[in-house]
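To start, the structure itself, in structure tokens.
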Amino acid sequence: MKAKLGMSPIAWWNDDLVELSDDVSLEECLRQSRSAGFTGMEMGRRFPNDPRVMLPILKEADVTLCGGWFSGTLVDEDLAKNKDRIQPMIDLFKAVDAPCIVYGEVGRSIQGDRSKPLATKPKLSDDEMKAYGRRVTEFGEWCAEQGMPLSYHHHMAAVVETELELDAFMRNSGEGIPLLLDAGHLAFAGGDVLRAIDNHHKRINHVHVKDVRMGVIDGLDRTKQSFLDAVALGAFTVPGDGSLDFGAIVQRFADYGYEGWFVVEAEQDPKKNPPLKMAQLGHKELMRVMTAAGYTVETQGFPA
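Oh and the sequence shown: position 92 is 99 in the working numbering, straight run, nothing missing.
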């Protein structure tokens, strides 16, 4: 079985908390990640939107674009508005041969609002979840028809956060919308990562290997503290530095024959946790558990 290891630039520049950003260029971010052993990078705010500009940067760094976040609003807005907004991203991702676009629902979400406590997260009724699942499925099918598959990202402080909400979303959506399984977000929400893989492995096409510090999470007052408060306090980190057993998690993916990207997404204070050092630590741990699970980790970056 083959696997690829990527990173998210959120370890270097945080999109929501500017104070948690390292003052490094895109080129330096890519250089550090590649030197740690990662062959892919998800898109971040310092990436160019023109493939003619992006491709030479990726080639020079010897990395590929392995995904990127789209802020979807299908819980409230119609398909047409989301299609119009995602079309340029589809065109870009096709031009640089990215594997998928990560769909993150921001409609009604409080994930980017530091004034909103975790306990006030939005919840959908059964009827709303049914309608939402159908709408996201239709959107996923349309994106695939344009030549770029989506990967649905369950997320803290959004309408699909908990394991029960993920199960409900999966029941009410179809194969037209694949799943991104994020170990850290699911664990933060109190879910069972291995059970989620068991239940939904057939739809998983992308994986975020985000680790958590359960001591930080357990100490939160969810009636007063927000998702961004948790991030600033250090709720997330790289595999090997947190509370999750990635040996068991990666083995479970291997048991079901998952092949594809495992992406480290670990936003935290770069001054307390230097991104290069954390990238090296995360890569070392992932190589250990990948090898034990029988994976061959691909080492080629930008296509020859």
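Beta carbons are placed, not taken as given, at the ideal position from N, Cα and C, and that holds for glycine.
Nearest-angstrom beta carbon gap, glutamine 232 and histidine 162 [assumed within contact, 8 Å]: Rounded, the Cβ-Cβ distance is 17 Å, inconsistent with contact.
Those residues which DSSP pairs with glutamate 112 across a bridge: BP columns for glutamate 112 point to Gly79.
Distance, glutamine 153 Cα to lysine 101 Cα: Distance between the alpha carbons of lysine 101 and glutamine 153: 9 Å.
Three-state secondary structure assigned by DSSP to tryptophan 149: Tryptophan 149: helix per DSSP, three-state reduction.
Rounded C-alpha distance that separates phenylalanine 45 from aspartate 134: As the crow flies, the alpha-carbon of phenylalanine 45 is around 42 Å from that of aspartate 134.
Presumed contact (8 Å Cβ cut-off) between valine 216 and leucine 293, rounded CB distance: The beta-carbon separation of valine 216 and leucine 293, rounded to 7 Å, stays under the 8 Å limit for a contact.
Cβ pair count under 8 Å reaching 3, the region 142-161 against the region 182-189: These segments touch.
8 Å Cβ cutoff met for glycine 222 and aspartate 69: Cβ atoms of glycine 222 and aspartate 69: not closer than 8 Å.
Length at least 3, wholly inside the region 203-272: the beta strand (DSSP E) runs in chain order: Here the runs fully enclosed are 211-215 and 267-271.
Distance, proline 63 Cα to alanine 311 Cα: For alanine 311 and proline 63, the distance between alpha carbons rounds to 13 Å.
Anticipated Cβ contact below 8 Å, glycine 332 with threonine 169, distance rounded: Residue 332 lies beyond the residue range present for the chain, which begins at 8 and ends at 311; the question has no answer from this structure.
Residue interval of the beta strand (DSSP E) (run including aspartate 85): Following the DSSP letters along the chain, one finds aspartate 85 in no beta strand (DSSP E), marked with neither H nor E.
Residue span of the beta strand (DSSP E) that contains methionine 177, given as start and end: Methionine 177 -> not in any beta strand (DSSP E); alpha helix (DSSP H) instead, spanning 170-179.
Cα-Cα separation, arginine 295 to proline 277: One C-alpha to the other measures close to 24 Å.
Selected residue, minimal CA-CA separation from glutamine 258, among Phe195, Ala273, Ala300 and Glu305: Checked all of Phe195, Ala273, Ala300 and Glu305; the closest Cα to glutamine 258 is Ala300.
Closest Cα partner of glycine 74 within the set Phe269, Ala255, Ser42 and Phe146: Taking only the C-alpha atoms, the option nearest glycine 74 is Phe269.
For histidine 160, the residue or residues it bridges with in DSSP: In DSSP, histidine 160 forms a bridge with Gly111 and Leu187.
Buried versus exposed, by CB contacts within 10 Å (16 or more), tyrosine 302: By the 10 Å Cβ count, tyrosine 302 comes out buried.
Beta-carbon proximity list for leucine 283, same chain, < 6 Å, skipping 5 on both sides: Excluding its 5 nearest sequence neighbours in each direction, leucine 283 has C-beta neighbours in its own chain below 6 Å: Gln39, listed in chain order.
Under the three-state DSSP convention, the category leucine 62 falls into: Three-state result, leucine 62: helix.
Extent of the continuous alpha helix (DSSP H) run through alanine 286: Counting along the chain, alanine 286 sits inside the alpha helix (DSSP H) bounded by residues 282-299.
Alpha-carbon spacing of leucine 235 relative to tyrosine 265, whole angstroms: Taking the CA atoms as reference points, leucine 235 sits about 31 Å from tyrosine 265.
Touch test, the region 245-259 against the region 137-151, Cβ-Cβ under 8 Å, three pairs minimum: Under the 8 Å Cβ criterion, the region 245-259 does not count as touching the region 137-151, having fewer than three qualifying pairs.
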